[in-house]
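Report on one structure; see the data block that follows.
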Amino acid sequence: MKKMTNEEVKGLQLEMVEYIDKICAKESIQYSLAGGTLLGAIRHSGYIPWDDDVDLMLRRDAYEKFISVLINNLPENYSLLHYKTGECYLPCAKLYDNRTFFKSKLDNLHKGTGVFIDIFPIDNLPKQEEERKRFKHEVREEAFNLASSNPHGLAYASASNFKYFMGKFILWLPKHLKNKGKSSTIASVLDKLMQRYNGKEETYSGYVYSGYKNEFFEKEIMDEYEDVVFERLTLKKIKKHDIYLEQLYGNYMQLPPKNKRVNHSYYHWYWKEGKK
């Protein structure tokens, strides 16, 4: 195996997102750059200089269509991590390059996964704050059940230090014993749960399992899309990116202090033998 350079990782990500863009254009599927990727596109016309991931978001109906199309149109060197394609312990999807793999002390749920792009479904959220908090807590609990169903023993409890490991282990073990081997069933339950408010008269939407407490937006921001430059590519974004980014990051055009410009990635990427 050979360790990948940062340039190689980004090169594969750009190839994947270019492929996704072509598929979406062909199938009339609306998508947008998301999170730090959208911030990077607006502020830097590409990656945030100290970052190296790519995130996309799609409204639930577009997401479901996209997953269905992607399952039937995967090039040989791409694989899709999603509960409909096999063991998956996340409430979102990842498209990854199967010629590569990662090593990580903190993420051992999907060993063997290569350089990837995260693909997030956008669902409706309750407009009442307390109801929204209860709903997101319920989703987090079910997502924990899904993660604990991983059959690889201590994978979920992996952590950077012993104290953190023991904390996770104590919480995790009873769940693991109860849920081991039930990932497909739990993933389906979680997927349905995340869609609870779709079709209802709710004013907000967002990625339900987001780590951002303030990821809830007027759902109309997902109505319109336009081109945006990202590195060498022209991709898609929501037109009302200002509302989205300000809600997540505040004054998003202002660079953070130098000591905050840190890559928090806990992945080390490698080429598989004979693939590079």
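105 is the number of the first residue of the sequence shown in the numbering used here; add one for each residue after it.
Each residue gets a CB set at the ideal place from its N, CA and C atoms; glycine is no exception.
Quick one: any contact between the segment 227-240 and the segment 312-331, if contact means 3 or more CB pairs under 8 angstroms? yes
What residue range does the alpha helix (DSSP H) around Met-120 cover? For the purposes of this step, residue 120 is taken as the residue at position 16 of the sequence shown. It spans 110-131 - the alpha helix (DSSP H) in which Met-120 sits, taken as one unbroken run.
Leu-118 beta carbon less than 9 angstroms from that of Glu-330: Taking the sequence shown and counting its residues from 1, the one referred to as residue 330 is at position 226. Taking the sequence shown and counting its residues from 1, the one referred to as residue 118 is at position 14. Taking 9 angstroms as the Cβ cut-off, Glu-330 and Leu-118 do not qualify as a contacting pair.
Identify whether Val-312 lies in helix, strand or coil by the three-state DSSP scheme. Taking the sequence shown and counting its residues from 1, the one referred to as residue 312 is at position 208. Of the three classes helix, strand and coil, the one that applies to Val-312 here is coil, per DSSP.
In angstroms with no decimal places, state the Cα-to-Cα distance between Thr-101 and Gly-150. With the chain covering 105 to 380 only, the question about residue 101 has no answer from this structure.
Quick check on the DSSP output: the beta strand (DSSP E) that includes Val-243 runs from which residue to which? Sequence index remark: in the sequence shown, residue 243 carries index 139 (1-based). No beta strand (DSSP E) contains Val-243, which is instead part of the alpha helix (DSSP H) from 233-252.
Whether Glu-131 touches Val-173 by CB criterion (9 angstroms): The residue labelled residue 131 in the question sits at position 27 within the sequence shown. The residue labelled residue 173 in the question sits at position 69 within the sequence shown. For Glu-131 and Val-173, yes; Cβs fall inside 9 angstroms.
Among all the DSSP beta bridges, which residues are the ones paired with Met-392? Past the edges of the chain, shown from 105 to 380, lies residue 392, and the structure says nothing about it.
Could you check if Thr-94 is buried or exposed, using at least 16 other CB atoms within 10 Å of its CB as the buried criterion? What the structure shows of the chain is the stretch from 105 to 380, and residue 94 is not part of that stretch, so it cannot be assessed.
Would you decide whether Asp-159 is buried or exposed? Buried here means 16 or more other CB atoms lie within 10 Å of its CB. As a working mapping, residue 159 is identified with position 55 in the sequence shown. Buried is the call here.
Going by DSSP, which residues form a beta bridge with Tyr-374? Along the sequence shown, one-based indexing puts residue 374 at 270. Paired residues: Lys-107, Phe-205.
Since Tyr-313 and Leu-143 should fall inside the 8 angstroms C-beta cutoff, what is the C-beta to C-beta distance between them, to a whole number of angstroms? Looking up residue 313 in the sequence shown gives position 209. Looking up residue 143 in the sequence shown gives position 39. Not a contact, Cβ separation roughly 20 angstroms.
Assumed close pair Ser-384, Gly-285 - CB separation to whole angstroms, cut-off 8 angstroms: No answer is possible for residue 384: it lies beyond the span of the chain, which begins at 105 and ends at 380.
Find out if the Cβ-Cβ distance for the pair Trp-375, Lys-114 is shorter than 9 angstroms. On the sequence shown, position 271 is the one that residue 375 refers to. On the sequence shown, position 10 is the one that residue 114 refers to. Not closer than 9 angstroms, so no.
For Asn-283, collect the residues of the same chain with a Cβ closer than 7 angstroms to its Cβ; drop the 5 residues on either side in sequence, then sort them by chain order. Mapped onto the sequence shown, residue 283 falls at position 179. Cβ neighbours of Asn-283 beyond the five flanking positions: Asn-249, Ser-252, Ser-253, Ile-290.
Taking the continuous beta strand (DSSP E) assigned at Val-333, which residues delimit it? If you number the sequence shown from 1, residue 333 lands on position 229. Annotation: the continuous beta strand (DSSP E) that includes Val-333 extends over 329-334.
Test item: CB-CB of Cys-196 and Ile-223 under 9 angstroms: Translated into the one-based positions of the sequence shown, residue 196 becomes position 92. Translated into the one-based positions of the sequence shown, residue 223 becomes position 119. Cβ atoms of Cys-196 and Ile-223: closer than 9 angstroms.
Can you list, in chain order, the residues of its chain with a C-beta nearer than 7 angstroms to that of Gly-310? Leave out the 5 residues immediately preceding and following it. As a working note, residue 310 is residue 206 in the sequence shown. Correct list, in chain order: Ile-226, Leu-229, Glu-319, Phe-320, Phe-321.
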